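Student:
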Amino acid sequence: MKESGSQGILLIEDSTEDYTVAQYILRRVTDRPIMRCRDGESALDYLLHRGTYAEAQDAPCPALILLDLNLPTIDGCEVLRQIKQDVRLRTIPVVVFTTSAQPHEIDVCYQLGANSYMVKPVDFERLRYTLELLMRYWFSVVTLPERSSP
Amino acid sequence: MSSGLVEHEATVKQYAEALDRLNAELEQRVAERTAALQRSNEELQQFAHMVSHDLKEPLRGMHNYAHLLLEDLGSTVSGEARAKLQTISSLAQRMEGLINSLLHFCRLGQENLAYEDTDVSMVVHEVLNLLHITLTQQGIEVRMPQPLPVVRCDRARVREVFHNLILNAIKYNDKPHKWVEIGAFPAPSVGMTPSSTFYIRDNGIGIRPHHMEMIFAMFKRLHPRDDYGGGTGAGLTIAKKIIERHGGTLWVESTYGAGSTFYFTLPGSVTRYEGEWQPGNSPDRRQY
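Respectively, the protein sequence lines represent chains W and G.
Start counting the first sequence at 1; every next residue gets the next number (my numbering).
Start counting the second sequence at 1; every next residue gets the next number (my numbering).
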């Protein structure tokens, strides 16, 4: 059965191929809206209601953020740092979803307050399994704080 | 003052000046070399970052898109076309395996070793537990004629060495009754530090003499890609690198058709052998 909810999932992902595949898999397990930002700058604009996202209704607050690290403009670590420093945003779970398994980067992300760090598998079935598990974990297993819609 | 003494003083002064000049030159050279080393370390770090992020991304795209295509086409696609699409995605995965090995190898040369007193017997048992399924499936006899010493080394890295060498011993074996023997003996000391030689012996396929050096080259395999369980061909290169980082050496002796023995030394034994062990005395023999 598909998981559902009104609060969406924000994918901060510059690779269109990675986004397409993630979206393809997520669509089959959840009815939640899926939003995407293609770089760090626009992700922060989205979350902080700045620039093109100045109107709050254009940028509904996500229930979960999937964050790639290797991003144009502002990189993923900086996006993570700003999210975790913002009183309003810091309760949103941020799952780092990236290619690199370098111990240094994993360490930095957890230092900055990442809620999970996951390495993107180069294996479609594993990716599907990972994303399904992620959805189940954040939306069925754990309880997240209540969030008033903007 | 005698003229001899004046002359002498002048000479001393000259030498002192020359020494100062040489010292300054040396310092300058050290500073330059250090800067160059720092630069090359940074470049290596950037290279590792580039490899792990940028090279893998298109690869993942290729793999995933082949899968999306398979799902979209569903039952309309013929068995042959399906096999070709699956080949595309498995090739992408193979490439990822190669990139990961390369990255791991790069990191091994850079990172500091986490030295700790390590009971090598325990490390080997951890590896055997990890390989339990393979050992059972192939009915492999594991022989440990004597307990292994405690050595000051990077535990995780040395575990990796044993893992790679034991896995090779299992993989490259075509005998009906397969065995692997793991042991150690004292090696000549390195300076004041006592040293141990470990060995992993098998009754496998062995290596022809003219291939002995080649097996340590990165991604070098002596067999067709999918024979003997496949693999990227990085295991021995990585094992050798780890041992060399510890200040040891790794080498092989082999008889083609009869089996191979891989040896490596690790300086820094904490305890040498508890009492005198007799080869073959109370051997730990396990039939998997």
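Quick reminder that beta carbons are idealized off the backbone N, C-alpha and C, glycines included.
Predicted model, so just to flag it, every value in this text is computed and none were measured.
1. Can you pull out the residues from the region 63-74 of chain G whose beta carbon lies closer than 9 Å to at least one beta carbon of chain W?
2. Between the C-alpha atoms of ALA92 of chain G and MET118 of chain W, what's the straight-line distance to the nearest angstrom?
3. Should SER149 of chain W be flagged as near chain G, meaning a C-beta pair shorter than 8 Å?
4. Is the beta carbon of HIS49 of chain G sitting closer than 8 Å to the one on PHE124 of chain W?
5. By DSSP, does PRO279 of chain G sit in helix, in strand, or in coil?
6. Quick one: measure Cβ to Cβ for GLN146 of chain G and GLY183 of chain G, integer angstroms, because I've assumed they're closer than 8 Å.
7. Taking Cβ to Cβ, would you say LEU148 of chain G is nearer than 8 Å to HIS246 of chain G?
8. Assess contact between the region 36-46 of chain W and the region 70-77 of chain W, defined as three or more Cβ pairs (one per stretch) separated by less than 8 Å. Is contact present?
9. Thinking THR249 of chain G and THR237 of chain G are a contact (beta carbons under 8 Å), I'd like their distance in whole angstroms, please.
10. At the level of alpha carbons, what is the spacing between ASN41 of chain G and ILE99 of chain G?
11. Does DSSP put CYS61 of chain W in a helix, in a strand, or in coil?
12. Runs of 3 residues minimum, wholly inside the region 39-86 of chain W: which ones carry the beta strand (DSSP E) assignment?
13. Run down chain W in chain order and give the residues with a C-beta less than 9 Å from the C-beta of LYS56 of chain G.
14. Listed in chain order, which residues of the region 10-29 of chain W have Cβ atoms closer than 7 Å to some Cβ of chain G?
15. Using a Cβ-Cβ cut-off of 8 Å (strictly less than) and excluding sequence neighbours within five positions of ARG155 of chain G, which residues of its own chain qualify?
16. Measure from the C-beta of ARG152 of chain G to each C-beta in chain W and report whether the shortest distance is under 8 Å.
17. Pick out whichever of W:SER116, W:LEU134, W:SER140 and W:LEU11 has its Cα sitting closest to the Cα of CYS61 of chain W.
18. Assuming VAL161 of chain G contacts ILE215 of chain G (C-beta within less than 8 Å), just tell me the rounded distance between them.
19. Taking all protein chains shown into account, decide if LEU73 of chain G is buried (16 or more other Cβ within 10 angstroms of its Cβ) or exposed.
20. Less than 8 Å between the CB atoms is what I'm expecting for VAL21 of chain W and LEU68 of chain G, so what's the real figure, rounded?
21. On the criterion of 16 or more Cβ atoms from any shown chain inside 10 Å, does ALA35 of chain G qualify as buried, or is it exposed?
22. Cβ closer than 9 Å: which chain W residues qualify as neighbours of LEU59 of chain G?
23. For LEU144 of chain W, does the three-state DSSP call read helix, strand or coil?
24. Please list the residues of the region 50-75 of chain W that have a C-beta atom closer than 8 Å to any C-beta atom in chain C, keeping them in chain order.
25. Check whether the region 94-109 of chain G and the region 123-142 of chain G are in contact - that is, three or more C-beta pairs closer than 8 Å.
26. Identify every residue that forms a DSSP beta bridge with PHE155 of chain W.
27. Using a Cβ-Cβ cut-off of less than 8 Å, give me the residues of the region 41-52 of chain G that come near chain W, in sequence order.
28. Given ALA114 of chain W, which residues of its chain have a CB within under 7 Å of its CB, disregarding the five upstream and five downstream residues?
29. Mind checking whether GLN7 of chain W and ALA63 of chain W have CB atoms under 8 Å apart?
30. With a Cβ-Cβ cutoff of 8 Å, do GLU13 of chain W and MET135 of chain W count as a contact?
31. Taking the alpha-carbon positions, what's the ARG94 of chain G to GLU27 of chain G distance?
32. So GLU96 of chain G contacts chain W; which residues on that side make the cut at Cβ distance below 8 Å?
33. Are the Cβ atoms of THR255 of chain G and GLY97 of chain G separated by less than 8 Å?
34. By the criterion of Cβ-Cβ separation under 8 Å, what are the contact partners of LEU127 of chain W in chain G?
35. Applying a beta-carbon distance threshold of less than 8 Å, which residues of chain W neighbour GLN93 of chain G?
36. Does the beta-carbon distance from LEU89 of chain W to GLY76 of chain W come in below 8 Å?
Tutor: In short:
1. HIS63, ASN64, TYR65, ALA66, HIS67, LEU68, LEU70 and GLU71
2. One-based indexing of the second sequence puts residue 92 of chain G at position 92. One-based indexing of the first sequence puts residue 118 of chain W at position 118. Cα to Cα, ALA92 of chain G sits roughly 20 Å from MET118 of chain W.
3. Walking along the first sequence from the start, residue 149 of chain W turns up at place 149. Because SER149 of chain W carries a pLDDT of 47, less than 50, the predicted location of this residue cannot be relied on, and no value is offered for it.
4. Mapped onto the second sequence, residue 49 of chain G falls at position 49. Mapped onto the first sequence, residue 124 of chain W falls at position 124. No, the pair does not count as a contact, with Cβ atoms beyond the cut-off.
5. For this step, residue 279 of chain G is matched to residue 279 along the second sequence. Per-residue confidence for PRO279 of chain G stands at a pLDDT of 43, beneath the threshold of 50, marking its modelled position as unreliable; the derived number appears in the next sentence. DSSP places PRO279 of chain G in coil when its eight states are reduced to three.
6. Numbered from its first residue, the second sequence carries residue 146 of chain G at position 146. Numbered from its first residue, the second sequence carries residue 183 of chain G at position 183. So it is a contact: roughly 6 Å between Cβ atoms.
7. Against the second sequence, residue 148 of chain G aligns to sequence position 148. Against the second sequence, residue 246 of chain G aligns to sequence position 246. Cβ distance not < 8 Å, so LEU148 of chain G and HIS246 of chain G don't count as in contact.
8. yes
9. In the second sequence, residue 249 of chain G corresponds to position 249, counting from 1. In the second sequence, residue 237 of chain G corresponds to position 237, counting from 1. THR249 of chain G to THR237 of chain G, Cβ: 14 Å. No contact.
10. Here the question's residue 41 of chain G lines up with position 41 in the second sequence. Here the question's residue 99 of chain G lines up with position 99 in the second sequence. Their backbone Cα atoms lie some 19 Å apart in a straight line.
11. Here residue 61 of chain W is taken as the residue at index 61 of the first sequence, counted from 1. Residue state, collapsed to three classes: coil.
12. 64-67
13. The residue you call residue 56 of chain G lines up with position 56 of the second sequence. Within 9 Å Cβ-Cβ: THR99, SER100, LYS120 and VAL122.
14. SER15, GLU17, ASP18, VAL21 and TYR24
15. In the second sequence, residue 155 of chain G corresponds to position 155, counting from 1. ALA114, GLU116, THR118 and VAL123.
16. In the second sequence, the residue the question calls residue 152 of chain G occupies position 152. For ARG152 of chain G, the answer is no, since every Cβ of chain W falls outside 8 Å of its Cβ.
17. Mapped onto the first sequence, residue 61 of chain W falls at position 61. Answer by Cα proximity: W:LEU11.
18. Taking the first residue of the second sequence as 1, we reach residue 161 of chain G at position 161. Taking the first residue of the second sequence as 1, we reach residue 215 of chain G at position 215. Not a contact, Cβ separation roughly 15 Å.
19. The count along the second sequence starts at 1 and reaches residue 73 of chain G at position 73. Exposed, because fewer than 16 other Cβ atoms sit within 10 Å of the Cβ of LEU73 of chain G.
20. Mapped onto the first sequence, residue 21 of chain W falls at position 21. Mapped onto the second sequence, residue 68 of chain G falls at position 68. Right, the Cβ-Cβ distance comes to about 7 Å (below 8 Å), so this counts as a contact.
21. If you number the second sequence from 1, residue 35 of chain G lands on position 35. Per the 10 Å Cβ criterion, exposed.
22. By one-based count along the second sequence, residue 59 of chain G stands at place 59. Chain W residues near LEU59 of chain G: VAL122.
23. For the purposes of this step, residue 144 of chain W is taken as residue 144 along the first sequence, with counting starting at 1. In the structure shown, LEU144 of chain W sits in coil (DSSP, three-state: anything other than H, G, I, E or B).
24. Absent from the structure: chain C. Protein chains present are W and G.
25. no
26. Any answer about residue 155 of chain W is impossible in this case: the structure gives chain W only from 1 up to 150.
27. ALA48, HIS49 and SER52
28. Along the first sequence, read from residue 1 onward, the residue named residue 114 of chain W stands at position 114. Correct list, in chain order: LEU80, VAL94 and VAL96.
29. Within the first sequence, residue 7 of chain W is the residue found at index 7, counting from 1. Within the first sequence, residue 63 of chain W is the residue found at index 63, counting from 1. Cβ atoms of GLN7 of chain W and ALA63 of chain W: closer than 8 Å.
30. Within the first sequence, the letter at position 13 stands for residue 13 of chain W. Within the first sequence, the letter at position 135 stands for residue 135 of chain W. The answer is no: Cβ separation not under 8 Å.
31. In the second sequence, the residue the question calls residue 94 of chain G occupies position 94. In the second sequence, the residue the question calls residue 27 of chain G occupies position 27. Answer to the nearest angstrom: the Cα atoms are 48 Å apart.
32. Within the second sequence, numbered from 1, the residue matching residue 96 of chain G stands at position 96. Here the neighbours are VAL122.
33. Reading the second sequence from its first residue, position 255 is the one you call residue 255 of chain G. Reading the second sequence from its first residue, position 97 is the one you call residue 97 of chain G. Result no, Cβ atoms of THR255 of chain G and GLY97 of chain G do not sit closer than 8 Å.
34. Stepping through the first sequence from its first residue, residue 127 of chain W is reached at position 127. Within 8 Å Cβ-Cβ: ASN64.
35. Start at 1 with the first residue of the second sequence, and residue 93 of chain G comes out as number 93. Within chain W, the residues near GLN93 of chain G are VAL122 and ASP123.
36. Along the first sequence, read from residue 1 onward, the residue named residue 89 of chain W stands at position 89. Along the first sequence, read from residue 1 onward, the residue named residue 76 of chain W stands at position 76. Cβ distance not < 8 Å, so LEU89 of chain W and GLY76 of chain W don't count as in contact.
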